[in-house]
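Position in the sequence shown counted from 1, then plus 416, gives you my numbering.
Every residue, glycine too, gets a C-beta built ideally from N, C-alpha and C.
These notes are about the structure you will find just below.
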Amino acid sequence: MTESPRPARPFSRLLLTGAAGALGRSLAPTLRAVCDQLVISDLAGPLATLGEPGAVACDLSQAGEVARLLEGVDAVVHLGGVSVEGPFEPILQANIRGLFNLYEAARLAGTRRIVYASSNHVTGCYEQGRRIGPDDPVRPDGFYGVSKLFGEGLAHMYFDRFGIETVCLRIGTAVPKPAERRELSTWLSLADLDRLVVASLTAPGVGCTIAYGVSNNPRGWWDSADAWERIGYVPHDSSEVFADKVQHITADPATPMARLQGGRFLGVGPFEFPPSHPTTRRPE
Ligand code: NAI
Ligand code: 15L
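Next comes the structure, spelled out in structure tokens:
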């Protein structure tokens, strides 16, 4: 049986969170082509730098703001939040509370699909070189990776209970070109990012799918073939053309940064509790 072609503009109102970030800026022009109206959103400060009339400032940690943002939205590309390893509190607010606010608002608004920027850091404690896929046990490499796992769990629950479809993309390193040896394995070209996100938005019947987001890298560590087939993603680019330039650039071989898939995030932390935290307060 041949599949009917996907509609050119399957969404009337598509929301892009994190629009002022690196990937949001890169994706926005492509997303405009698959919807009647693209709503772009971010924190007020970063959003102002875009100079986009009609952009909507929203702090994801604020439930009321998020509820207003989702009104009339039929699909979301969710990139907003803390994007690196760091202390727990900001990650809690933006990535954990923010995700809860987003899904609850989506449920109330009747949103049909979310493309969620998860991360390779949900499995960042596997050894470099080890082949893994979405069905392998998770091994997050920090608070950031754990927050992305919370999002994946929430996505599953909102599909099973409320029918909101999500494609969770465990993105590798989405940058114009790889800058070090690790990125020869983790690279996602920006053109392949476009392909991946559009496929995730428009594929029929994705349920709740987890897919790694990488280009066709011969040194890749992640096998996502089944999920890619399900969403219809075919990567076109390969990191290998950059190998001669960057394969000698590595973290200190004596550290977990060089040994584990999460790379330099393994060199961040641990973090002390802030002085006001109840467990660090001295007894009176
Ligand atoms: P980025 O840090 O450049 O952009 C994230 C955006 O989220 C920023 O513009 C920031 O202002 C916004 N944001 C932060 N806290 C917020 C809040 N409380 N409310 C509303 N907006 C908030 O990150 P980038 O590189 O564009 O990544 C986008 C998404 O993709 C992130 O969720 C990141 O975790 C994920 N990702 C990115 C990868 C990459 O290679 N760039 C790899 C894996 C995952
Ligand atoms: C991520 O999750 C980050 O958002 C991005 O900044 C990169 O560091 C990427 O992972 C990576 O692992 O290279």
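The beta carbon of G434 sits no closer than 7 Å to any heavy atom of the ligand 15L. Assignment of Q478 by DSSP, reduced to helix, strand and coil, places it in the coil class. Just measuring C-alpha positions, the residue of I548, E501, A607, W603 sitting nearest S655 is W603. Assignment of S457 by DSSP, reduced to helix, strand and coil, places it in the strand class. Between F578 and the set P634, F687, G526, the nearest pair of CA atoms involves G526. Residues of the same chain with a CB within less than 7 Å of the CB of T589, apart from the 5 flanking positions on each side, are E599, T602, W603, L604 in chain order.
Closest by C-alpha distance to M573, out of N632, G623, T539, is G623. Judged by pairs of C-beta atoms under 8 Å, the stretch 610-625 does not touch the stretch 511-518, as fewer than three such pairs exist. Contiguous beta strand (DSSP E) elements confined to the stretch 576-642 occur at 581-587, 624-629, taking only those with 3 or more residues. D639 and G679 have their C-alpha atoms some 19 Å from each other.
Counted as a single uninterrupted DSSP element, the beta strand (DSSP E) harbouring A533 occupies residues 529-535.
The secondary-structure analysis by DSSP pairs L439 with nothing; it has no beta-bridge partner. In this structure, D452 lies away from G496, with their beta-carbon atoms at least 8 Å apart. Taking 7 Å as the cut-off, one finds at least one heavy atom of the ligand 15L near enough to the beta carbon of G679. By the criterion of at least three beta-carbon pairs nearer than 8 Å, the stretch 665-673 is not in contact with the stretch 626-634. Burial is judged here by how many other beta carbons sit within 10 angstroms of a residue's own beta carbon; G558 has at least 16 and is buried. Classified as buried, E581 has 16 or more neighbouring CB atoms from the shown chains inside 10 Å of its CB. With contacts defined as CB atoms closer than 8 Å, Y532 and A491 fail to qualify as a contacting pair.
The Cβ atoms of W637 and G540 lie no closer than 8 Å to each other. As computed with DSSP, I548 is found in a beta bridge with W638.
Per DSSP, the unbroken alpha helix (DSSP H) holding R675 starts and ends at 672-675.
Linking S535 to P445 through their CA atoms gives a straight-line distance of about 23 Å. Distance from the C-beta of D576 to the nearest heavy atom of the ligand NAI is not below 7 Å. A Cβ-Cβ contact shorter than 8 Å links L432 with L454.
In this structure, the beta-carbon distance from A607 to A627 does not fall below 8 Å.
The alpha-carbon separation between V472 and D660 amounts to approximately 43 Å.
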